[in-house]
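Worksheet: one structure, shown below.
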Amino acid sequence: MPDGSPDDRMFELWGRERLIRENTKSRWDYCWIADWLISSHLYAIKPIDDEHSAVYIDHVCDRETLPEFLAASVYEFAEMLLMDPPSVGVVL
């Protein structure tokens, strides 16, 4: 899938250019990696330690509310996304 093109569920895992653009302007200490429904929800990873990163979701309702914890690892997030998309906010 080319950069800037969401899948059939409107989920888009960002390419390098968008990763740089979105994370340059971010106020939070997260690495934003994807969105759903043209930025209705944003997804980010945040390092927990040297070997692990958790995944967070930002519902983009305001810029004062911190992103919400979603998964303890990128693997867990990917599994949730593939097996149960609504559990990560992706509605079919």
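In this text, residue positions in the sequence shown follow my numbering: the first is 42, and each later residue adds one.
Even glycine gets a Cβ: it sits at the ideal position worked out from N, Cα and C.
Please read all numbers here as calculations on a predicted model, not as lab measurements.
1) In this structure, how does DSSP classify Ile-74 when only helix, strand and coil are distinguished?
2) Is it right to say Val-101 is buried, meaning 16 or more other beta carbons lie within 10 angstroms of its own, or is it exposed?
3) Touch check for the region 64-72 and the region 117-133: three-plus C-beta pairs under 8 Å?
4) Determine, using beta carbons only, whether Glu-97 and Pro-88 come nearer to each other than 8 Å.
5) As a quick exercise: from Leu-60, Arg-62, His-82, pick the residue whose alpha carbon is nearest that of Phe-52.
Based on what the coordinates show:
1) strand
2) exposed
3) no
4) As written in the sequence, residue 97 is Tyr, which differs from the Glu given in the question. Contact flag unset, no.
5) His-82
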